[in-house]
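Worksheet: one structure, shown below.
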Amino acid sequence: MERAAIILAAGQGTRMKSGLPKVLHKVGGRAMLDWSIDLARRVGCSRIVTVVSPGSSALHDHVGNEVGPDCIAIQDPPLGTAHAVRAAEESLTDFNGDVIVLYGDTPLIPASAVEALFAKLDEGAAVGVLGFRAQEPGAYGRLVTSADGQLEAIVEAKDASSEQLKINFCNSGVMGARSDRLFRLLSQVGNDNQKGEYYLTDIVGIARAENTDCRSVTCEEQDVLGVNSRVELAEAERAFQQRRREELMRSGVTMTAPETVFFSHDTIIGPDVIIEPHVVFGPDVRVDTGATVRAFSHLEGAHVEEGAEIGPYARLRPGASIGQGAKIGNFVEVKKTRVGEGAKANHLAYLGDGEVGANANIGAGTIFCNYDGYLKYKTKIGDNAFIGSNSALVAPVSIGEGAIVGSGSVIVEDVSADALALGRGRQVEKAGWATDFRVRKAAEKKAR
Ligand code: UD1
Ligand code: CA
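See below:
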């Protein structure tokens, strides 16, 4: 059966108090809406329609780029969740298959929960609903079930009796139905309720009145955490981080203080990697088997190969590629630079727009001067070269294999392989000068 997803994102999100549409706020470095889009893709939805309000061009552009401009449906004005799903009907007139409804503000739903929902449809349910046992059911819609496991109705908290409010089995918002049936049921939904809205949740009662099966699937409350405010955004972030840390530890990653390590949605860490406390992984980082990331390091857009050692206090920026067994030590920043196998930059250096050969040694205080205020230039360092401490390599410049740069040099011209390059004033020594100086100065002072 073909699958489609309708993602609801036309709500105002006023409680975020933000100029940015709520669903574009990020969890694990990825917009919440993109989590929903990704989920839809992972469960094999061939069509994904996002329902948005007419206002936000940022949101329209985002959906246009992520899924395609024809995957946007406009709901205007927002008259409730059923009304929102109906706004997607036109985009799916040529679609015949299973549809799931997702929210754009519920980023952590596991694919397995949605698969279980589709399975209920395969077993013949007219409507499937993803539910959870809530600690505090509060404002959630309540799932009313019968003894034989039939889902009888969903009652919104505002419309619930005091008896129904005691139910802690709640509606996550995720629902599934066959497309033809879904839109037929939706056309029967009215707005005679406390909020005067068209509730998507009403389709369950309507389907039951037609004597068809409605079924629920249960997931963890954490998996369906919806974000309405920045406080809830932080909660979702915390839940994501917690989940990712545990997954990585289970896959063979050692973390001495996991609660202080932060990942992005796309961080890839190989087995037997050791991550010390207080490390942040921005987007697009891969760390291969057996590497060590020491305390207080910050990585983004970087690839660290097997057995390399990063930090403590290292910063890897986009385009940093650290070869096998290489070492990037404290207060070293690497950007758009390949550092070859076994090379070392152990302390206080900036390596930007460069190439460092295998087993090269970059001394403390070395700077790749890559920028003249207008353009950026490359620094190339050959295999086994040795750059003495506190050298400024003014790009574009290239240091040959095995060459040595004397410390304190300012290198503005290419250096040949195996040569010694010195780019500094020559040392001069004057015997006894200091003694003469002291005698002269002491006399001057006394004469005043
Ligand atoms: C909804 C459910 C409730 C469930 C809860 C889970 C209904 C009637 N209620 O309530 O049973 O427990 O979610 O979080 O469905 N939206 C639109 N257009 C609209 C209204 C909403 O696109 O006209 C979107 C919102 O942007 C949001 C989602 O639908 O992504 C849910 O809307 P919201 O108003 O937050 O629903 P709840 O009252 O939380
Ligand atoms: Ca909500």
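Just add 945 to wherever you are in the sequence shown, counting from 1, and you've got the working numbering. We put the CB at the ideal spot given by N, CA and C, even for glycine.
Is residue 970 near ligand 1, going by C-beta to nearest heavy atom under 8 Å?
One-based indexing of the sequence shown puts residue 970 at position 25. No, Cβ of residue 970 sits at least 8 Å from all heavy atoms of ligand 1.
Just checking: is the beta-carbon of residue 1313 within a distance shorter than 9 Å of some beta-carbon in chain D?
Of the chains in the structure shown, none is chain D; there is only one protein chain.
Based on the DSSP secondary-structure assignment, which residues constitute the bridge partners of residue 1244?
For this step, residue 1244 is matched to residue 299 along the sequence shown. In the DSSP output, where bridge partners are listed per residue, residue 1244 has 1226 and 1261.
Proximity test, residue 1144 beta-carbon vs ligand 1 heavy atom, cut-off 8 Å:
Counting from 1 along the sequence shown, the entry for residue 1144 is found at position 199. Yes - ligand 1 has a heavy atom lying nearer than 8 Å to the Cβ of residue 1144.
Classify residue 1144 as buried or exposed, calling it buried when 16 or more other Cβ atoms lie within 10 Å of its own Cβ.
Reading the sequence shown from its first residue, position 199 is the one you call residue 1144. By the neighbour-count definition (other C-beta atoms within 10 Å, threshold 16), residue 1144 is a buried residue.
Alpha carbon to alpha carbon, how far is residue 1343 from residue 1352?
Mapped onto the sequence shown, residue 1343 falls at position 398. Mapped onto the sequence shown, residue 1352 falls at position 407. Residue 1343 and residue 1352 have their C-alpha atoms roughly 17 Å apart.
Among 1379, 1234, 998 and 983, whose alpha-carbon lies nearest the alpha-carbon of residue 1196?
Numbered from 1 along the sequence shown, position 251 holds the residue referred to as residue 1196. Of the candidates 1379, 1234, 998 and 983, 1234 places its Cα closest to the Cα of residue 1196.
Which value, in whole angstroms, describes the spacing of the CA atoms of residue 1094 and residue 1159?
Locating residue 1094 in the sequence shown gives position 149, counting from the first residue. Locating residue 1159 in the sequence shown gives position 214, counting from the first residue. Each residue's Cα considered, the two are about 9 Å apart.
Check whether the Cβ atoms of residue 954 and residue 978 sit closer than 9 Å, and answer yes or no.
As a first step, residue 954 is located in the sequence shown; it is residue number 9 there, counting from the start. As a first step, residue 978 is located in the sequence shown; it is residue number 33 there, counting from the start. Cβ atoms of residue 954 and residue 978: closer than 9 Å.
Quick one: complete alpha helix (DSSP H) runs, 4+ long, within the stretch 1151-1234?
List check, alpha helix (DSSP H) in window: 1175-1195.
How about residue 1020: is its Cβ closer than 8 Å to a heavy atom in ligand 1?
Position 75 of the sequence shown, counting from 1, holds the residue named residue 1020. Yes.
Residue 1128, DSSP secondary structure in three states:
One-based indexing of the sequence shown puts residue 1128 at position 183. Residue 1128 falls in the helix class under three-state DSSP.
Inter-residue CB distance, residue 1029 and residue 996 (contact presumed, cutoff 8 Å):
Here residue 1029 refers to the residue found at position 84 when the sequence shown is read from its first residue. Here residue 996 refers to the residue found at position 51 when the sequence shown is read from its first residue. With a contact defined as Cβ atoms closer than 8 Å, residue 1029 and residue 996 qualify at about 5 Å.
From 1207, 992 and 1339, residue whose alpha carbon lies closest to that of residue 1188
Stepping through the sequence shown from its first residue, residue 1188 is reached at position 243. Minimum Cα distance to residue 1188 is reached at 1207.
Straight-line CA distance for residue 1225 to residue 1246?
Within the sequence shown, residue 1225 is the residue found at index 280, counting from 1. Within the sequence shown, residue 1246 is the residue found at index 301, counting from 1. Approximately 12 Å between the Cα atoms of the pair.
Top-ranked residue by Cα proximity to residue 1151, from 1258, 1100 and 1264
Here residue 1151 is taken as the residue at index 206 of the sequence shown, counted from 1. Minimum Cα distance to residue 1151 is reached at 1100.
Exposed unless 16 or more other CB atoms sit within 10 angstroms - verdict on residue 1357:
Along the sequence shown, read from residue 1 onward, the residue named residue 1357 stands at position 412. Exposed, because fewer than 16 other Cβ atoms sit within 10 Å of the Cβ of residue 1357.
Does the stretch 1072-1082 come close enough to the stretch 1104-1116 that 3 or more CB-CB pairs lie under 8 Å?
Output reads yes: the stretch 1072-1082 touches the stretch 1104-1116.
Please find out if some non-hydrogen atom of ligand 1 comes closer than 8 Å to the beta-carbon of residue 1045.
The residue given as residue 1045 occupies position 100 in the sequence shown. In this structure, residue 1045 has its beta carbon at no less than 8 Å from each heavy atom of ligand 1.
Alpha helix (DSSP H) containing residue 1098: first to last residue?
Counted from its first residue, the sequence shown places residue 1098 at position 153. Per DSSP, residue 1098 belongs to no alpha helix (DSSP H); it is in the beta strand (DSSP E), 1096-1100.
Through-space distance from residue 1052 to residue 1068, alpha-carbon basis:
Here residue 1068 refers to the residue found at position 123 when the sequence shown is read from its first residue. Here residue 1052 refers to the residue found at position 107 when the sequence shown is read from its first residue. Approximately 27 Å between the Cα atoms of the pair.
Beta-carbon spacing of residue 1089, residue 1098 below 9 Å
Stepping through the sequence shown from its first residue, residue 1089 is reached at position 144. Stepping through the sequence shown from its first residue, residue 1098 is reached at position 153. Cβ distance < 9 Å, so residue 1089 and residue 1098 count as in contact.
Going by DSSP, what residue range makes up the alpha helix (DSSP H) through residue 1315?
Counting from 1 along the sequence shown, the entry for residue 1315 is found at position 370. Residue 1315: not part of any alpha helix (DSSP H); DSSP gives it neither H nor E.
Alpha carbons only, please: which of 1354, 1376, 1340 and 1169 is nearest the one belonging to residue 1331?
Numbered from its first residue, the sequence shown carries residue 1331 at position 386. Cα-wise, what sits closest to residue 1331 is 1354.
Residue 968, enclosing alpha helix (DSSP H) - first and last residue
Start at 1 with the first residue of the sequence shown, and residue 968 comes out as number 23. Run containing residue 968: none; DSSP gives neither H nor E here.
Closer than 8 Å: residue 1135 CB and nearest ligand 1 heavy atom:
Numbered from 1 along the sequence shown, position 190 holds the residue referred to as residue 1135. Taking 8 Å as the cut-off, one finds no heavy atom of ligand 1 near enough to the beta carbon of residue 1135.
Coarse secondary structure for residue 1115, derived from DSSP in three states:
In the sequence shown, counting from the first residue as 1, residue 1115 sits at position 170. Here DSSP, grouped into helix, strand and coil, assigns residue 1115 to strand.
Excluding the 5 residues flanking residue 1359 on each side, which residues of the same chain have their C-beta closer than 7 Å to its C-beta?
Taking the first residue of the sequence shown as 1, we reach residue 1359 at position 414. Correct list, in chain order: 1342 and 1343.
Rounded distance between the beta-carbons of residue 1202 and residue 1222, thought under 8 Å:
Here residue 1222 corresponds to residue number 277 of the sequence shown, with the count starting at 1. Here residue 1202 corresponds to residue number 257 of the sequence shown, with the count starting at 1. That belief holds up - the Cβ atoms of residue 1222 and residue 1202 are roughly 4 Å apart, short of 8 Å.
If you follow the beta strand (DSSP E) that residue 1386 is part of, which residue opens it and which one closes it?
Stepping through the sequence shown from its first residue, residue 1386 is reached at position 441. Looking at the DSSP string, residue 1386 is not in any beta strand (DSSP E); the run it does join, the alpha helix (DSSP H), is 1378-1392.
Backbone secondary structure at residue 1024 - three-state DSSP
Locating residue 1024 in the sequence shown gives position 79, counting from the first residue. Secondary structure at residue 1024: coil, using DSSP grouped into helix, strand and coil.
Can you tell me which of 1075, 960, 1118 and 1039 puts its alpha carbon nearest to the alpha carbon of residue 1176?
Position 231 of the sequence shown, counted from the first residue, corresponds to residue 1176. Of the candidates 1075, 960, 1118 and 1039, 960 places its Cα closest to the Cα of residue 1176.
Enumerate in chain order the residues of its own chain whose CB-to-CB distance from residue 972 is below 6 Å, with the five nearest sequence positions on each side excluded.
In the sequence shown, counting from the first residue as 1, residue 972 sits at position 27. The answer, listed in chain order, is 1052, 1181, 1182 and 1185.
Hey, would you say the C-beta of residue 1113 is under 8 Å away from at least one heavy atom of ligand 1?
Start at 1 with the first residue of the sequence shown, and residue 1113 comes out as number 168. False, no ligand heavy atom lies under 8 Å from that Cβ.
Within this structure, are the beta carbons of residue 1303 and residue 1273 separated by less than 9 Å?
Residue numbering aside, residue 1303 sits at position 358 when the sequence shown is read from its first letter. Residue numbering aside, residue 1273 sits at position 328 when the sequence shown is read from its first letter. For residue 1303 and residue 1273, no; Cβs fall outside 9 Å.
Count the other C-beta atoms from every protein chain shown that fall within 10 angstroms of the C-beta of residue 1010, then say buried if there are 16 or more, exposed otherwise.
Against the sequence shown, residue 1010 aligns to sequence position 65. Exposed, since its Cβ has fewer than 16 Cβ neighbours within 10 Å.
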